[in-house]
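>
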Amino acid sequence: MYRVMLFLVFIFTSFSLSAAEIDTKLINGTTEQYEKILSQVLKSNIKSDEVSLQKLLLYKLINLSKVKATPAVSVSIPDNEQAYRELFSQYLKWLVEQKQIKDTIADDINSMDILSNQIKTLTPKEPSLLTIQLQYAFYKKGEKLNRLKLNYLSETLNSTTDLLIKSLPKIKIDLNKLILSRKNIDESLLKINHDLQKNIIEKKRLELLGRTNESLKIENFISQLQKSNNTILKNKLINRFILFSYHLQKKSNEVFKIQDDMTTIIKSMNNSKTLNKGVTTLLEKMENQILGKAETFKGATLQEIESTIKLFWEKINAPFFTINDTAISLFKLFLAIFIFTIGFFVSYLYKKHIDILTPKSGPLNPSTRTLLSNLGSYAIILIAFFISLNVLGMNLSSLALVAGALSVGIGFGLQNVVSNFVSGIILMIERSIKIGDFIEFNENLRGHVTDIRMRSVTIKTNSNIDVIVPNQDLIQNRVINWTMSDNIKRFEIPFGVIYGTDPQLVIDVVLKAVNDSGFNDIYSTNKRQARVIMKSMGDSSVDFELFVWLKGKCILSPKRTNSRFLILIYNALNENNIEIPYPQRDLHIRSIDVDFPVNIHTTNNN
4 MYRVMLFLVF IFTSFSLSAA EIDTKLINGT TEQYEKILSQ VLKSNIKSDE VSLQKLLLYK
64 LINLSKVKAT PAVSVSIPDN EQAYRELFSQ YLKWLVEQKQ IKDTIADDIN SMDILSNQIK
124 TLTPKEPSLL TIQLQYAFYK KGEKLNRLKL NYLSETLNST TDLLIKSLPK IKIDLNKLIL
184 SRKNIDESLL KINHDLQKNI IEKKRLELLG RTNESLKIEN FISQLQKSNN TILKNKLINR
244 FILFSYHLQK KSNEVFKIQD DMTTIIKSMN NSKTLNKGVT TLLEKMENQI LGKAETFKGA
304 TLQEIESTIK LFWEKINAPF FTINDTAISL FKLFLAIFIF TIGFFVSYLY KKHIDILTPK
364 SGPLNPSTRT LLSNLGSYAI ILIAFFISLN VLGMNLSSLA LVAGALSVGI GFGLQNVVSN
424 FVSGIILMIE RSIKIGDFIE FNENLRGHVT DIRMRSVTIK TNSNIDVIVP NQDLIQNRVI
484 NWTMSDNIKR FEIPFGVIYG TDPQLVIDVV LKAVNDSGFN DIYSTNKRQA RVIMKSMGDS
544 SVDFELFVWL KGKCILSPKR TNSRFLILIY NALNENNIEI PYPQRDLHIR SIDVDFPVNI
604 HTTNNN
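In our numbering, the protein residues as written are 4 to 609.
(1) What is the DSSP secondary structure of residue 13, counted as helix, strand or coil?
(2) Can you look up residue 332 in the DSSP assignment and give me helix, strand or coil?
(3) If residue 199 and residue 239 are in contact, beta carbons under 8 angstroms, what's the gap, nearest whole angstrom?
(4) Taking the alpha-carbon positions, what's the residue 536 to residue 522 distance?
(5) If you check the beta carbons only, do residue 90 and residue 163 fall under 8 angstroms apart?
(6) Once DSSP output is grouped into helix, strand and coil, what is the label at residue 265?
(7) Do the CB positions of residue 1 and residue 318 come within less than 8 angstroms of each other?
(8) Are there 16 or more other CB atoms within 10 angstroms of the CB of residue 364, so buried, or fewer, so exposed?
(9) Which value, in whole angstroms, describes the spacing of the CA atoms of residue 65 and residue 264?
(10) Compute the beta-carbon to beta-carbon distance between residue 524 and residue 553, rounded to the nearest angstrom, for a pair I have assumed lies under 8 angstroms.
(11) Quick check on DSSP: helix, strand or coil for residue 154?
(12) Determine the DSSP secondary structure at residue 540, reduced to helix, strand or coil.
(13) Check each candidate in 171, 276, 383 and name the one with the smallest Cα separation from residue 288.
(14) Buried or exposed: residue 3, going by 16 or more other Cβ atoms within 10 Å of its Cβ?
(15) Report, in whole angstroms, the separation of the C-beta atoms of residue 100 and residue 156, which I expect to be a contact under 8 angstroms.
(16) With a CB to CB cut of under 8 angstroms and the five nearest residues on each side skipped, what residues in its chain are close to residue 347?
(17) Just the Cα atoms here: how many angstroms apart are residue 451 and residue 464?
(18) Considering Cα atoms alone, identify which of 146, 53, 106, 112 is closest to residue 129.
(19) Going by C-alpha distance, which of 241, 217, 81 is nearest residue 92?
(20) State the DSSP-derived secondary structure class of residue 131, mapped to helix, strand or coil.
(21) As a quick exercise: from 390, 314, 41, pick the residue whose alpha carbon is nearest that of residue 341.
(22) Once DSSP output is grouped into helix, strand and coil, what is the label at residue 383?
(23) I need the straight-line Cα distance from residue 248 to residue 135, nearest angstrom please.
(24) Out of 28, 258, 355, 114, point me to the one whose CA is closest to residue 291's CA.
(25) Count Cβ pairs between the region 493-510 and the region 538-550 that sit closer than 8 angstroms; are there 3 or more?
(26) Jot down the residue ranges of each uninterrupted alpha helix (DSSP H) in the region 494-558, minimum 4 residues, whole runs only, in chain order.
(27) Entirely within the region 208-295 and at least 4 residues each: give me those alpha helix (DSSP H) ranges in chain order.
(28) What did DSSP end up calling residue 593 once you bin it into helix, strand or coil?
(29) In whole angstroms, what separates the C-alpha of residue 201 from that of residue 214?
(30) Secondary structure at residue 44, three-state DSSP: helix, strand or coil?
(31) Using CA coordinates, which residue listed in 542, 71, 285, 505 is at the minimum distance from residue 161?
(32) Do residue 141 and residue 63 have their beta-carbon atoms positioned less than 8 angstroms apart in this structure?
(33) So for residue 484, helix, strand or coil by DSSP?
(34) Taking only the alpha-carbon atoms, compute the straight-line gap between residue 246 and residue 178 and give it to the nearest angstrom.
(35) Take residue 502 as the anchor and find which of 586, 444, 530 has the nearest alpha-carbon.
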């Protein structure tokens, strides 16, 4: 194991000693040194791509060695609006140039890293080593030169900032000319944007037709329009900067709003990130110098709040999804939900306070009040629904898809719901069943109608049980309404007496008992009088039936009312010794084969 480790160390050391290194002499070489190497390469008379590349790199290194980095431009303080405008325009140009130099330096560093790794994998005798070393030296010299340029350019930008600040108080700015220029710029932008959209559509049309050559021509024209658009945007930005400077001279807080406008313009330009950072730095320095840090901080904070609100407003108004090509934003969606919710709330309040709006002492009965309550409630919800649709920007034609889906749903499973809904409307309009009516739906269901809704009717029985009956059942089935027209009803009370009883006596006794009962709810007129009729001759009794007309709330309790009159009849028959039979059966035996004992009881006399 020890020997293996020694062998590996030896191999690694040998490889490290034999690996090539970066040639610093080439990097720091002079023009004469590069020319000397070039002459040697030319004398070799070797023709290959490798040698050609070496020659090209040496020529480039010779040229780079002759280049000397100098300050970008000597700038002077502007003394009028035009010079002030040109200095800011140059400032924008230098910002872009600064970014380009930084990008070039980053590319050179990346290339040098790759070449450095390649050099470390080669031996000094590799034929391609010289080429890679020359490439590395070329990128390294270019990086050094660009760094010098970058330093000079940064100094120039800083001095330009100072000159703009220093000259601002002395510059006379013509506001009317500035406003007119702004108007012309906006018109030019509008026109060029229109031309851009028009040509983009035309290009797509030509591509669909397969007319490639014409499409390329349009594409070149679009590129020219885009360059023109960027130039006009730059002029617009310069215009805003002059306006910014004007208000800064006046120490107006309007500068913060203009600064926000300038940021918006920059976002539409090429190199927007670079320009935004540099211009923002310039504007903030000018604000701090002229307005002071405290006022700048206050104005910037207010503008930031305003910008945040504006950004938030733009976000919530941006399209969130679409329905039938109608863009729906979050704000519209929340507003529509809010309006619909308010509709439900108003509907609830309307329904709750309908009794206050229509006093009980007024001309409206409870049934009419409930009808107004339900119809008004549904009308409010329906209005809120259509207002919500209008807020969303949808029209009725856009509901075709929803209506189609709804019709399919009705066909498969909602027919009962729709049927109950339509039946509810019929009940409300027809008013054959009203709130407060006492109805009999079947033998086991009787009670007062307490509510009529679009889907169902609520019936409260005399046992204080609320029964919900679908509207469809009330329309399709037979329903007895005990109080539809008035509260006068005839009760039919059956009873029976033993055979052999005088029928007229029974009739007289029962009618006398009814007339003498003192019941205040008995209703009697010439046409409506209490009667007793002989109904049939049954198996065990002669059957009679008492017809008595009653008026009032007693008709709403039929079982108790029947009980009251049955007791009256029972007592009247007993008082007059009229026997009430009980059921009996006679058994007749024709024959029997089984003997059974018969016990005969006799008396002592026999």
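Heads up, the beta-carbon is just placed ideally off N, CA and C, and yes, glycines get one too.
With the structure as the only source:
(1) Looking up residue 13 in the sequence shown gives position 10. Bear in mind that a pLDDT of 39 at residue 13, under 50, signals an unreliable position, so the number given afterwards is only what the model happens to contain. Looking at residue 13 - three-state DSSP - the assignment turns out to be helix.
(2) On the sequence shown, residue 332 is found 329 positions in, with the first residue counted as 1. DSSP, reduced to helix, strand and coil, places residue 332 within a strand of the structure shown.
(3) Here residue 199 refers to the residue found at position 196 of the sequence shown. Here residue 239 refers to the residue found at position 236 of the sequence shown. Going by Cβ atoms, the distance from residue 199 to residue 239 rounds to 16 angstroms, so no, they are not a contact pair.
(4) Numbered from 1 along the sequence shown, position 533 holds the residue referred to as residue 536. Numbered from 1 along the sequence shown, position 519 holds the residue referred to as residue 522. Spanning the two alpha carbons is a distance of roughly 21 angstroms.
(5) In the sequence shown, the residue the question calls residue 90 occupies position 87. In the sequence shown, the residue the question calls residue 163 occupies position 160. Yes, Cβ-Cβ distance for residue 90 and residue 163 is below 8 angstroms.
(6) In the sequence shown, counting from the first residue as 1, residue 265 sits at position 262. Correct three-state label for residue 265: helix.
(7) The question about residue 1 has no answer, for the chain in this structure spans 4 to 609.
(8) To locate residue 364, count along the sequence shown from 1; it is residue 361. Below a pLDDT of 50, predicted positions are generally treated as unreliable, and residue 364, at 49, falls in that range; the measurement from the model is reported next regardless. Around the beta-carbon of residue 364, fewer than 16 other beta-carbon atoms lie within 10 Å, marking it exposed.
(9) For the purposes of this step, residue 65 is taken as residue 62 along the sequence shown, with counting starting at 1. For the purposes of this step, residue 264 is taken as residue 261 along the sequence shown, with counting starting at 1. Rounded to whole angstroms, residue 65 to residue 264 spans 48 angstroms at the Cα level.
(10) Locating residue 524 in the sequence shown gives position 521, where the first residue counts as 1. Locating residue 553 in the sequence shown gives position 550, where the first residue counts as 1. Rounded to the nearest angstrom, the Cβ distance from residue 524 to residue 553 is 5 angstroms, consistent with a contact under 8 angstroms.
(11) Locating residue 154 in the sequence shown gives position 151, where the first residue counts as 1. Residue 154 falls in the helix class under three-state DSSP.
(12) Residue 540 sits at position 537 when you count from the first residue of the sequence shown. If DSSP states are grouped into helix, strand and coil, residue 540 belongs with the strands.
(13) Indexing the sequence shown from 1 puts residue 288 at position 285. The residue with the shortest Cα to Cα distance from residue 288 is 171.
(14) Outside the displayed span of the chain (4 to 609) sits residue 3, for which this structure offers no information.
(15) Along the sequence shown, one-based indexing puts residue 100 at 97. Along the sequence shown, one-based indexing puts residue 156 at 153. Taking 8 angstroms as the upper bound for CB-CB distance, residue 100 and residue 156 are in contact here, some 6 angstroms apart.
(16) Here residue 347 refers to the residue found at position 344 when the sequence shown is read from its first residue. Excluding sequence neighbours, residue 347 sits near 384, 387.
(17) The residue you call residue 451 lines up with position 448 of the sequence shown. The residue you call residue 464 lines up with position 461 of the sequence shown. Roughly 6 angstroms between the two C-alpha positions.
(18) As a working note, residue 129 is residue 126 in the sequence shown. That would be 53, whose Cα lies nearest to the Cα of residue 129.
(19) Within the sequence shown, the letter at position 89 stands for residue 92. It is 241.
(20) Here residue 131 is taken as the residue at index 128 of the sequence shown, counted from 1. Looking at residue 131 - three-state DSSP - the assignment turns out to be coil, as it is neither helix nor strand.
(21) Taking the sequence shown and counting its residues from 1, one reaches residue 341 at position 338. Out of 390, 314, 41, 390 has the C-alpha closest to the C-alpha of residue 341.
(22) Reading the sequence shown from its first residue, position 380 is the one you call residue 383. If DSSP states are grouped into helix, strand and coil, residue 383 belongs with the helices.
(23) For the purposes of this step, residue 248 is taken as residue 245 along the sequence shown, with counting starting at 1. For the purposes of this step, residue 135 is taken as residue 132 along the sequence shown, with counting starting at 1. Taking the straight line from one Cα to the other gives about 53 angstroms.
(24) Translated into the one-based positions of the sequence shown, residue 291 becomes position 288. Considering only alpha carbons, the answer is 258.
(25) By the Cβ test, the region 493-510 is in contact with the region 538-550, since at least three Cβ pairs between them sit closer than 8 angstroms.
(26) Qualifying alpha helix (DSSP H) stretches, in chain order: 506-518.
(27) Runs of the alpha helix (DSSP H) inside the region 208-295: 215-252, 257-270, 275-293.
(28) Taking the first residue of the sequence shown as position 1, residue 593 is located at position 590. Here residue 593 carries a coil assignment [DSSP, helix/strand/coil].
(29) Counted from its first residue, the sequence shown places residue 201 at position 198. Counted from its first residue, the sequence shown places residue 214 at position 211. So the two alpha carbons sit approximately 17 angstroms from each other.
(30) As a position in the sequence shown, residue 44 is number 41, starting the count at 1. In the displayed model, residue 44 falls within a helix according to three-state DSSP.
(31) Within the sequence shown, numbered from 1, the residue matching residue 161 stands at position 158. Distances from the alpha-carbon of residue 161 to those of 542, 71, 285, 505 put 285 closest.
(32) As a first step, residue 63 must be located in the sequence shown, where it is residue number 60. As a first step, residue 141 must be located in the sequence shown, where it is residue number 138. Result yes, Cβ atoms of residue 63 and residue 141 sit closer than 8 angstroms.
(33) The residue given as residue 484 occupies position 481 in the sequence shown. In this structure, residue 484 counts as strand in the three-state DSSP scheme.
(34) Position 243 of the sequence shown, counted from the start, is the residue given in the question as residue 246. Position 175 of the sequence shown, counted from the start, is the residue given in the question as residue 178. The alpha-carbon atoms of residue 246 and residue 178 are separated by roughly 8 angstroms.
(35) As a first step, residue 502 must be located in the sequence shown, where it is residue number 499. Here the closest residue by C-alpha is 586.
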